[in-house]
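J.: For the sequence shown, my numbering assigns the number 391 to the initial residue and increments by one for each residue that follows.
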Amino acid sequence: MQRSFQRIVAVIVQIGGWALLGAACLVTYDVITRKLFNMSIAGADEISGYVFAVSTAGAFTYALSARANIRIDLVYNLLPLRARCVFDLMALALTAGYFAILCWFAYDLVADAFRYGSRSITPLQTPLALPQTLWFLALLLATLTAAYLTVRVVVLILRRRWGEVAPLAGIPLISEEVAGELGDTGIDGKP
Numbered sequence: 391m392q393r394s395f396q397r398i399v400a401v402i403v404q405i406g407g408w409a410l411l412g413a414a415c416l417v418t419y420d421v422i423t424r425k426l427f428n429m430s431i432a433g434a435d436e437i438s439g440y441v442f443a444v445s446t447a448g449a450f451t452y453a454l455s456a457r458a459n460i461r462i463d464l465v466y467n468l469l470p471l472r473a474r475c476v477f478d479l480m481a482l483a484l485t486a487g488y489f490a491i492l493c494w495f496a497y498d499l500v501a502d503a504f505r506y507g508s509r510s511i512t513p514l515q516t517p518l519a520l521p522q523t524l525w526f527l528a529l530l531l532a533t534l535t536a537a538y539l540t541v542r543v544v545v546l547i548l549r550r551r552w553g554e555v556a557p558l559a560g561i562p563l564i565s566e567e568v569a570g571e572l573g574d575t576g577i578d579g580k581p
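1. When you compare the stretch 452 to 467 with the stretch 549 to 562, are there three or more beta-carbon pairs, one atom per stretch, that lie closer than 8 Å?
2. Is it buried or exposed for Y506, if we count other Cβ within 10 angstroms and need 16 for buried?
3. Can at least three beta-carbon pairs, one atom from the stretch 468 to 481 and one from the stretch 436 to 451, be found at a separation below 8 Å?
4. Closest to F395 by C-alpha separation, out of T512, L539, V441, L468, would be which residue?
5. Take every Cβ of the stretch 478 to 493, pair it with every Cβ of the stretch 415 to 431, and state whether three or more of those distances are shorter than 8 Å.
6. Per DSSP, R509 forms a beta bridge with which residues?
7. In or out: A400 buried (at least 16 other Cβ within 10 Å) or exposed?
8. What would DSSP say about A496, mapped onto helix, strand or coil?
9. Please report how far the alpha carbon of A536 lies from the alpha carbon of L572, in whole angstroms.
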């Protein structure tokens, strides 16, 4: 199940990356045509804003599942294993709570967009329910991922399987980061 979830997250990140690249090309084209030919593509900035919001929300899930979220490890690495596990649990629980609050308000926003048939106040007149629903679904996936990881860490701690917490929720070791950066290069990282 973990592998299939990782594949889904990888697809979401790829789609988000390509969408961001497409939005960047669209905005670049708009800027060039505006400067050279004094004409503009209506809504390029609006579309890029929607793409940025949805892809950023989708990237939250990737950051959680790949342990790529930023945490300050100045004191963390000096702590004993059990204390690090407790801090990992606290970080996940707070992240899940934060995403849950975001989802709560995002749901209200989407519900209002559907209820009132809200449209953007731009020449595109985009029905706001569409981009907001995608944004909400991406936030919901991040919330569910954070909650799932939190529950998994709680179970591991209750079973006293301390060593399994870090690979799931801890700050990656330097050796893990180096191995991840070297990836498929064939370089083994040895001098």
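All C-beta atoms, glycine included, are put in the ideal place defined by N, C-alpha and C.
T.: This is what the structure gives:
1. yes
2. Translated into positions along the sequence shown, residue 506 becomes position 116. Exposed, by the Cβ-count rule.
3. no
4. In the sequence shown, residue 395 corresponds to position 5, counting from 1. Taking only the C-alpha atoms, the option nearest F395 is L539.
5. no
6. What you label residue 509 is simply residue 119 of the sequence shown in a count that begins at 1. Paired residue(s): P517.
7. By one-based count along the sequence shown, residue 400 stands at place 10. Label assigned to A400: exposed.
8. Working through the sequence shown from its first residue, we reach residue 496 at position 106. A496: helix per DSSP, three-state reduction.
9. Along the sequence shown, read from residue 1 onward, the residue named residue 536 stands at position 146. Along the sequence shown, read from residue 1 onward, the residue named residue 572 stands at position 182. For A536 and L572, the distance between alpha carbons rounds to 28 Å.
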